[in-house]
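Residues in the sequence shown are numbered from 811 upward in steps of one, following this note's numbering.
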Amino acid sequence: MTTQFYCAICSGPAGISAIGSSSPQALKLRRTYVEAKRLEKATGQRVPINFDSDWSSDDESDEGPYDPDDLTRFDPRLVSPESREWLHDIYWLRVDDFTGEGYLEGPASSVNNLRNYCENIDGEESLDTYYCYTTVNCVFPFHLCCFKLLLYSIFGDMEFDNIDKKVLYKVMMDTNPGHTRLDLDYGDVEGPDQYWLCEPGEEYCISRPTSLDERIQQFLRDKLQHDTFKLPISNVSIDQRHVVADPFGNLPVEVLFNILDMLPACSLLEFRKASATVCRATQSNGYWKQRMSRVMDWFWELSNILQDNPSGLNFKALYLWLEKKTNPELGMDPKFMGLGNRRRIWGACQQLRDLYVKRIPPETEGQQ
């Protein structure tokens, strides 16, 4: 048996066919399953799924009987043929065996085309065979959307000519364990295995990551007018009697902010309660506006959305709300699935970016 092809950048598949039924029984089954899995992740304890009498396979609906395989299929209300077209736009990275030069090639219009290419690149009578994620004669497949995200994370634009393909290939080989994907943190997803596992609630993993629907942008503009984001900044008071020492007070502001940027939002909020220095440094509305710009660099549409923001906008409240809404997690808000997937993929892109930058030789002064 062969494995499926997975994108080296997002770990996602080259196409999805396991879409479930929209019958009431199937929808209820998936909803119950997702709620149980969310509770399981939140508590760290196994949560049994208690199906009531409605789950009998003899139950009938307008679309036929309930199918237990719907627990391994995505929700058709969240995944349409149009929304997953980007999964089929596949390119690949390889190097020439003789020259060592790197090449970006594609697109493959289907998985079969990519498989044919990987099994025999030149299509002629040749002993040279190329495979995905092997230690020799390896090619790395990826979605075009994901490659554009990688380019943007490195260069701030999506121009193909900017990337050194030979260096990128070496970076991917360095993180290639020889299995079905790179040794990167792709987020908390169940999908990539020998065959892609369609985990109900993980529909965001196959949501298009590069474009944000104008309707969502307008939704966010309208949301900014909500009273939730006009509340005064809430200050945290610290009882100095319980503070033995605060070593962070000796750090330069720039160093302190760099440390804070590496913390997730939940940890930062707890940190503010423990350190008077951190509490004071993060008290202003301006801090949260800057933090949003720095740590949500994957959300490039946000600056335009905020152009006409109302006066008195509470950036801390907005940041924490966006942080929660775009968190790539099981059963996330469907409106934010594309952004959630982008945020997930951006994490993998940053890992590749850091390795890529280390391999690029520094430009010498005056070099042409």
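Each residue gets a CB set at the ideal place from its N, CA and C atoms; glycine is no exception.
### Query
Between Gln1004 and Phe952, what straight-line distance do the alpha-carbon atoms span, to the nearest angstrom?
Counting from 1 along the sequence shown, the entry for residue 1004 is found at position 194. Counting from 1 along the sequence shown, the entry for residue 952 is found at position 142. Cα-Cα distance, rounded: 17 Å.
### C-alpha gap between Phe815 and Ile900, whole angstroms
Counting from 1 along the sequence shown, the entry for residue 815 is found at position 5. Counting from 1 along the sequence shown, the entry for residue 900 is found at position 90. So the two alpha carbons sit approximately 10 Å from each other.
### Query
From Ser963 to Trp1108, what distance separates their C-alpha atoms?
By one-based count along the sequence shown, residue 963 stands at place 153. By one-based count along the sequence shown, residue 1108 stands at place 298. Each residue's alpha carbon lies about 8 Å from the other.
#### Entry: Length of the line joining the Cα atoms of Lys958 and Ala1055
By one-based count along the sequence shown, residue 958 stands at place 148. By one-based count along the sequence shown, residue 1055 stands at place 245. Straight-line Cα distance between these residues: approximately 47 Å.
### Message
With the cut-off set at 9 Å, would you say Arg904 and Cys955 are in Cβ contact?
### Response
The residue labelled residue 904 in the question sits at position 94 within the sequence shown. The residue labelled residue 955 in the question sits at position 145 within the sequence shown. No, they are not a contact pair.
### Message
Are the CB atoms of Tyr1014 and Met1142 within a distance shorter than 9 Å?
### Response
One-based indexing of the sequence shown puts residue 1142 at position 332. One-based indexing of the sequence shown puts residue 1014 at position 204. Yes, the Cβ-Cβ distance between Met1142 and Tyr1014 is below 9 Å.
### Message
Measuring alpha carbon to alpha carbon, tell me which residue in Cys1159, Arg1152, Gly1150 and Val844 is nearest Arg883.
### Response
For the purposes of this step, residue 883 is identified with residue 73 of the sequence shown, where counting begins at 1. It is Val844.
#### Entry: Where the beta strand (DSSP E) containing Leu914 begins and where it ends
By 1-based counting over the sequence shown, the position of residue 914 is 104. Gly912 to Ala918 is the span of the beta strand (DSSP E), which, as asked, contains Leu914.
### Query
Does the separation of the CB atoms of Cys768 and Ile1155 fall below 9 Å?
Outside the displayed range of the chain (811 to 1178) lies residue 768, so it cannot be described from this structure.
### Message
Just to confirm the assignment, what range does the alpha helix (DSSP H) spanning Val999 have?
### Response
For the purposes of this step, residue 999 is identified with residue 189 of the sequence shown, where counting begins at 1. It is not in any alpha helix (DSSP H) - Val999 carries neither H nor E in the DSSP assignment.
### Task
Since I believe Val1063 is in contact with Ala1091 (beta carbons under 8 Å), could you give me their beta-carbon distance rounded to a whole number of angstroms?
Translated into the one-based positions of the sequence shown, residue 1091 becomes position 281. Translated into the one-based positions of the sequence shown, residue 1063 becomes position 253. Confirmed, Cβ separation roughly 7 Å.
### Task
Tell me, to the nearest whole angstrom, how far the beta carbon of Gln1035 is from that of Pro1138; I am working on the premise that it is less than 8 Å.
Translated into positions along the sequence shown, residue 1035 becomes position 225. Translated into positions along the sequence shown, residue 1138 becomes position 328. With 8 Å as the limit, Gln1035 and Pro1138 do not qualify as a contact, their Cβ atoms being about 27 Å apart.
### Task
Return the Cβ separation of Phe1039 and Ala1127 in integer angstroms, given the expectation that the two are a contact with Cβ distance under 8 Å.
The residue you call residue 1039 lines up with position 229 of the sequence shown. The residue you call residue 1127 lines up with position 317 of the sequence shown. Confirmed, Cβ separation roughly 5 Å.
### Message
I need the DSSP call for Cys948, collapsed to helix, strand or coil.
### Response
For the purposes of this step, residue 948 is taken as the residue at position 138 of the sequence shown. Strand.
#### Entry: C-beta contact flag for Asn1151 and Arg1018 at 9 Å
As a first step, residue 1151 must be located in the sequence shown, where it is residue number 341. As a first step, residue 1018 must be located in the sequence shown, where it is residue number 208. In contact: Asn1151 and Arg1018 (Cβ atoms closer than 9 Å).
### Query
Is DSSP giving Pro891 helix, strand or coil here?
Mapped onto the sequence shown, residue 891 falls at position 81. It is coil, neither helix nor strand.
### Task
Determine the DSSP secondary structure at Pro1163, reduced to helix, strand or coil.
Taking the first residue of the sequence shown as 1, we reach residue 1163 at position 353. Inspection of the sequence shows that residue 1163 is occupied by Arg rather than by Pro. Helix, per DSSP.
### Query
How about Gly1148 and Ser1021: are their beta carbons less than 9 Å apart?
Mapped onto the sequence shown, residue 1148 falls at position 338. Mapped onto the sequence shown, residue 1021 falls at position 211. For Gly1148 and Ser1021, yes; Cβs fall inside 9 Å.
### Query
In terms of residue numbering, what span does the alpha helix (DSSP H) encompassing Leu903 cover?
For the purposes of this step, residue 903 is taken as residue 93 along the sequence shown, with counting starting at 1. Not the alpha helix (DSSP H): Leu903 falls in the beta strand (DSSP E), residues Ile900 to Val905.
### Query
Is it buried or exposed for Ala818, if we count other Cβ within 10 angstroms and need 16 for buried?
The residue given as residue 818 occupies position 8 in the sequence shown. Buried.
### Query
Leaving out the 5 sequence neighbours to the left and right, which residues in its chain are closer than 8 Å to Leu937 when beta-carbon positions are compared?
The count along the sequence shown starts at 1 and reaches residue 937 at position 127. Confidence in Leu937 is poor, its pLDDT being 35 and thus under 50, which makes the residue's placement unreliable; the coordinate value appears in the next sentence. Around Leu937: no qualifying Cβ.
### Message
Suppose you measure from the CA of Asp785 to the CA of Leu839; what does that come to, to the nearest Å?
### Response
Here the chain has residues from 811 to 1178 only, and residue 785 is not among them.
### Message
Going by DSSP in three states, Pro823 sits in which element: helix, strand or coil?
### Response
Reading the sequence shown from its first residue, position 13 is the one you call residue 823. In the structure shown, Pro823 sits in a strand (DSSP, three-state: E or B).
### N-terminal and C-terminal residue of the alpha helix (DSSP H) that Asn1190 is part of
Outside the displayed range of the chain (811 to 1178) lies residue 1190, so it cannot be described from this structure.
### Message
Starting from Gln1004, trace the alpha helix (DSSP H) in both directions and tell me its first and last residue.
### Response
Position 194 of the sequence shown, counting from 1, holds the residue named residue 1004. Run containing Gln1004: none; DSSP gives neither H nor E here.
### Query
Three-state secondary structure (DSSP) at Cys1089?
Numbered from 1 along the sequence shown, position 279 holds the residue referred to as residue 1089. Note: Cys1089 maps to helix in three-state DSSP.
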